[in-house]
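Student: Just passing along the structure, written as structure tokens.
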Amino acid sequence: MEAGKKGTLVCVGTGLNLAGQISVLSKSYIEHADVVFSLVPDGFAQHWLESLNQDVRSLQPYYAQEGEVKNRRDTYKQMVAAILDQVRLGKKVVCALYGHPGVFACVSHFAIAQAKEEGYAAQMEPGISAEACLWADVGIDPGASGHQSFEASQFMFYKHTPDPTTHLLLWQIGIAGEHTLTEFHTSSDRLQVLVEQLNEWYPLEHEIVLYEAPNLPTQTPRIERIALKKLPFAQLSSITTLLIPPSRELEFNHEILAKLGITAEDLG
Ligand SMILES: C[S@@+](CC[C@H](N)C(=O)[O-])C[C@H]1O[C@@H](n2cnc3c(N)ncnc32)[C@H](O)[C@@H]1O
């Protein structure tokens, strides 16, 4: 990292499964940091981080505590402020987030941008995301027909167009359609709206997959296959990712093939 002012920030990913999915480099950053901020799945992961560095500060308390109504935007602002305060003190700061620190995770992006704007060296180290675990556990090569990923609520609020010949991932399905940013669950009614939206491209009987990667080596992945129409009654949590496999075959692009001087037969 190029140093401007003295403080530094590195955002690292710890992977999903306890201790075993972190890169050698990210682990080293944690071990040599002055301060480590953490957002990890459970107490086991938190204790493991504390065994690597003596100053580990969980970011979890910035989320709404029991009975409190708090907008997640405020939570993220406060997390970024806490991280930046330590960078400004000239410390080597590491932010250890579960999965990949920059995939469907805004705090690391905000903190790095702010640190850089203020003249501090800041960077991100990749980690093993939920998606990486999903391809491995469900046994899919996303390159076989391509894939799309959306945050479930954003998919509902905006005019995204899924390609039913590819795999579609909807992240944060457990809070799909939750617009207040204060609740941590969705409802059957909201999921029914999503089912009707998806029905434009997928039959109601189409098989979808509820996926949860293990956070502990003793756990096994949840890979539950249900019909799309059953989604409103499915058990969803904050760690569920929805996979919708293709409902249609890939179609040849005859126009482009003609420009290339080949035909569908040439592709086998
Ligand atoms: C805020 S995003 C964080 C993603 C994380 N940065 C990553 O790289 O996996 C939270 C969403 O990630 C997915 N996720 C997190 N933990 C998961 C797990 N154990 N299994 C499957 N998906 C998970 C879910 O879609 C969840 O709603």
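Residue numbering for the sequence shown follows UniProt numbering, beginning at 1 and increasing consecutively. Quick reminder that beta carbons are idealized off the backbone N, C-alpha and C, glycines included.
#1: Roughly how many whole angstroms lie between the Cα atoms of Ile112 and Met124?
#2: Heavy atom of ligand 1 less than 8 Å from the Cβ of Thr186, yes or no?
#3: For His109, tell me which candidate among Val195, Gly99, Ala122 and Glu118 has the shortest Cα-Cα distance.
#4: Do the CB positions of Ser26 and Gly13 come within less than 9 Å of each other?
#5: Check whether the stretch 92-99 touches the stretch 33-43, counting contact only when three or more Cβ pairs, one atom from each stretch, lie closer than 8 Å.
#6: Keeping to the same chain, check which residues put their C-beta closer than 6 Å to that of Gln192; ignore five residues upstream and five downstream.
#7: Might you give, ordered along the chain, the residues of its own chain that have their beta carbon closer than 7 Å to the beta carbon of Val10, omitting 5 neighbours on each side?
#8: Here's a check: name, in chain order, each residue in its chain whose Cβ is nearer than 8 Å to the Cβ of Asn71, leaving out the five neighbours to either side.
#9: Thinking C-beta only, is Leu49 closer than 9 Å to Val40?
#10: With three or more C-beta pairs closer than 8 Å as the rule, is the stretch 233-243 touching the stretch 255-268?
#11: With DSSP as the reference, identify every bridge partner of Leu242, one or two as the case may be.
#12: Does the distance between the C-beta of Thr263 and the nearest non-hydrogen atom of ligand 1 fall short of 8 Å?
#13: Using DSSP with H/G/I as helix, E/B as strand and the rest coil, what is Lys255?
#14: Go through its chain and collect everything with a Cβ distance to Cys64's Cβ below 6 Å, but skip five positions before and after it.
#15: Given a threshold of 16 other Cβ atoms within 10 Å of its Cβ, counted over all protein chains shown, does Thr220 qualify as buried or as exposed?
Tutor: In brief:
#1: 8 Å
#2: no
#3: Ala122
#4: yes
#5: yes
#6: Pro232
#7: Tyr29, Val94, Gln123 and Glu125
#8: Thr180, Leu181 and Thr182
#9: yes
#10: no
#11: Leu170 and Leu210
#12: no
#13: First, the amino acid is wrong: residue 255 is Glu here, not Lys. Reduced to three states, the DSSP call for Glu255 is helix.
#14: Residue identity differs from the one stated: residue 64 is Ala in this sequence, not Cys. Only Lys70 meet the Cβ criterion.
#15: exposed
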